[in-house]
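Accompanying notes for the structure given below.
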Amino acid sequence: MSTTQQGPRSLLPGGVPGGTVVVPGDKSLSHRSLIFGALAPGDYTLHGMSDGADVHATASAIEALGVPVTRGSAETPWTVGEGDLEEPADVIDCGNSGTSMRLLTGLVAGHSFLSVLTGDVSLRRRPMGRIAGPLRAMGASVDGRDGGRLAPLVVRGGSLSGIEHRSPVPSAQVKSCLLLAGLQAQGDVVVREEHRSRDHTERMLPAFGVEVEILDDGVAMRGGQSLVAPANRTLAVPADISAAAFFAVLAGIRPGAELTLPAVGTNPTRDGLLEALDAAGVGLTRTNERLVAGEPVADLVVGGGDLVAFEVGGALVPRLIDEIPVLAVLAARCPGVSRFCDAADLRAKESDRITQVVRLLTALGVRVDERPDGFDVHGQPDGSFAVQGAIDAAHDHRIAMAAAVAATCADGPVTLTGADSVDSSFPGFFSTLERCLVR
Ligand code: S3P
997 MSTTQQGPRS
1007 LLPGGVPGGT
1017 VVVPGDKSLS
1027 HRSLIFGALA
1037 PGDYTLHGMS
1047 DGADVHATAS
1057 AIEALGVPVT
1067 RGSAETPWTV
1077 GEGDLEEPAD
1087 VIDCGNSGTS
1097 MRLLTGLVAG
1107 HSFLSVLTGD
1117 VSLRRRPMGR
1127 IAGPLRAMGA
1137 SVDGRDGGRL
1147 APLVVRGGSL
1157 SGIEHRSPVP
1167 SAQVKSCLLL
1177 AGLQAQGDVV
1187 VREEHRSRDH
1197 TERMLPAFGV
1207 EVEILDDGVA
1217 MRGGQSLVAP
1227 ANRTLAVPAD
1237 ISAAAFFAVL
1247 AGIRPGAELT
1257 LPAVGTNPTR
1267 DGLLEALDAA
1277 GVGLTRTNER
1287 LVAGEPVADL
1297 VVGGGDLVAF
1307 EVGGALVPRL
1317 IDEIPVLAVL
1327 AARCPGVSRF
1337 CDAADLRAKE
1347 SDRITQVVRL
1357 LTALGVRVDE
1367 RPDGFDVHGQ
1377 PDGSFAVQGA
1387 IDAAHDHRIA
1397 MAAAVAATCA
1407 DGPVTLTGAD
1417 SVDSSFPGFF
1427 STLERCLVR
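Heads up, the sequence shown is in the numbering used here, so the first residue is 997 and it goes up one at a time.
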């Protein structure tokens, strides 16, 4: 993995985005490809993997559990081998990655050995009670700081029973954690949620011969099913719509822009970004729509259009939850007041993303009204952002990238601290950004 230089970074304003931008492989699917490849019999070749630190954390965990992984790059394939999961010799470090911690906790909860999972300062602040509670109800022993609500988590699993769980927040990490535990459980696992969260796990399980039933409000699976190797032991990961979002918004806010984003995953439980761009008046065409390894993919062409204020709330929120920081930057360029609501869980992400978005927009000189579950952005379509002081990424890759997109509309160079946090999901972000800007 290439790494971004530490220390403050100076971002230059201006530039017209043009050409083709290839963004990293989907992070959610990269984690799941490693985990399912490790569980299923045989060796798997994984194409298009994310080269971000989060996915490397899952790869290291899989190795610590006794399954060999050969790491490729963004361009070259990875492989994951087979082996019975064994007790890890040391603490598993999930770094900044909530997906690693929640999915791997579900995975090890099905095994009677001891596992300890920890992470960086940001991950150790994030809520883990939402998985500890239902895993305990299934029969696993899960402890941790604050009674199991915070990592490090200490898990001794095995002898699990089924569960019917209603998730208090739509969460693919909780759902996937319980489905992974359920693979070792006796009885049915049913996970219900108010709005459907991303369904990558439900799509991948049947590819490995596991029957799942999609319900109106969730998913059900008979516990204890074994994974069967698919005929083609190759998994292909599309480009990450959550990474593409930064360039789509960049093209939306810079006059004269036209960017092509090839082979972006457009799974309907993840494509809320496209609906929001449309509502904001950003010019957007999907071409070459196809299915890659059971996931919808399209080439996106973005740029032009007349911006207008837009709203994000309700069932749309889980479909674009990770894109809200950069959509807030789009809202800052749209005339009128854009409203983001029903998004309280943003406070439990890599940072409190409501607080951090408010800080970012305020530093740009944009008025923003904070609410417990979101914020209203008073767009400032004319002139440049009058930036006050340095902007801090708050250990959050998506805040760093949203700030860099906003900086193209600033009235002078912007100093960004903590820019290296982009390595979680998009190690080459700043060079990709510079390459696509014609100055
Ligand atoms: C993810 C699910 C979402 C998302 C995260 C990745 C996944 O989190 O925000 O970046 O891969 O399952 P929640 O499940 O907490 O909503």
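Heads up, the beta-carbon is just placed ideally off N, CA and C, and yes, glycines get one too.
How would you write the range of the alpha helix (DSSP H) that residue i sits in, first residue to last?
i, result
"Pro1148", "Run containing Pro1148: none in the alpha helix (DSSP H); it sits in the beta strand (DSSP E), Leu1146 to Arg1152."
"Ala1241", "Ile1237 to Ile1249"
"Asp1302", "Run containing Asp1302: none; DSSP gives neither H nor E here."
"Thr1351", "Arg1349 to Ala1359"
"Ser1024", "Lys1023 to Leu1035"
"Glu1430", "Phe1425 to Cys1432"
"Ser1172", "Ala1168 to Gly1178"
"Gly1268", "Gly1268 to Ala1275"
Between which two residues does the beta strand (DSSP E) containing residue i stretch?
i, result
"Ala1216", "Gly1214 to Arg1218"
"Ser1417", "Taken as a continuous stretch (DSSP letters only), Ser1417 belongs to no beta strand (DSSP E), as it is neither H nor E."
"Ser1137", "Ser1137 to Gly1140"
"Leu1451", "The chain is shown only over 997 to 1435; residue 1451 falls outside these bounds and no answer can be derived."
"Leu1211", "Val1208 to Leu1211"
Return no unless some Cβ of chain B is closer than 8 Å to the Cβ of residue i.
i, result
"Ala1057", "Of the protein chains in the structure, only one exists, and it is not chain B."
Tell me, please, which residues DSSP counts as bridged to residue i.
i, result
"Pro1292", "Leu1287"
"Thr1256", "Thr1016 and Val1297"
"Thr1230", "Thr1041"
"Gly1370", "Arg1367"
"Asp1184", "Arg1218"
"Leu1156", "Ala1181"
"Thr1281", "Val1297"
"Phe1336", "Val1308 and Phe1371"
"Pro1381", "In the sequence as displayed, the identity of residue 1381 is Phe instead of Pro. Looking at the DSSP assignment, Phe1381 forms a beta bridge with Ala1406."
Let me know the secondary structure DSSP gives residue i once reduced to three states.
i, result
"Thr999", "coil"
"Thr1262", "coil"
"Leu1316", "coil"
"Thr1197", "helix"
"His1391", "coil"
"Arg1005", "strand"
"Ala1406", "strand"
"Arg1162", "strand"
"Arg1435", "coil"
"Arg1329", "helix"
"Asp1341", "helix"
"His1052", "helix"
"Gly1011", "coil"
"Gly1205", "coil"
"Ala1324", "helix"
"Ala1386", "coil"
"Val1362", "coil"
Let me know the beta strand (DSSP E) ranges lying completely inside the region 1056-1131, each 3 residues or longer, listed in chain order. DSSP runs (the beta strand (DSSP E)) wholly in the region 1056-1131: 1074-1076 and 1110-1114.
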